[in-house]
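Numbering (the working numbering), first residue to last: 557 to 641.
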């Protein structure tokens with residue numbers, strides 16, 4: 557049973573390192589193309605599947621951060637004095 561704990565800790569560390577890599581790849585200057593965005597979405601999904609089995613809070617926090625990279629950045633556009641219908 558001691559080996560299972562060691563393996564779990566090692567897997568959690570690998571997931572933390574993997575999340576750091578995917579976060580770097582999620583930068584807008586890296587994911588400019590639709591293909592890159594699809595690849596990012598697939599990586600984030602695969603990470604989330606693995607993270608679901610982890611008990612490490614860092615892994616779950618990173619999963620949330622990664623999922624946030626898939627949400628589009630919204631811009632507020634103000635139209636001064638014009639009616640919008």
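For each residue, glycine too, the CB sits at the ideal point set by N, CA and C.
Residue 594: member of the alpha helix (DSSP H) spanning 590 to 607, first to last residue. Less than 8 Å separates the beta-carbon of residue 572 from that of residue 614. Going by C-alpha positions, residue 587 is about 25 Å away from residue 608. For residue 574, the CB contacts under 7 Å within the same chain, skipping 5 residues up- and downstream, are 603 in chain order.
Counting the other Cβ atoms within 10 Å of the Cβ of residue 600 gives 16 or more, which makes it buried. The beta carbon of residue 582 sits closer than 6 Å to the beta carbons of 596, 625 from its chain, once the five residues preceding and following it are set aside; these are given in chain order. Within 10 angstroms of the beta-carbon of residue 560 lie fewer than 16 other beta-carbons, which makes it exposed.
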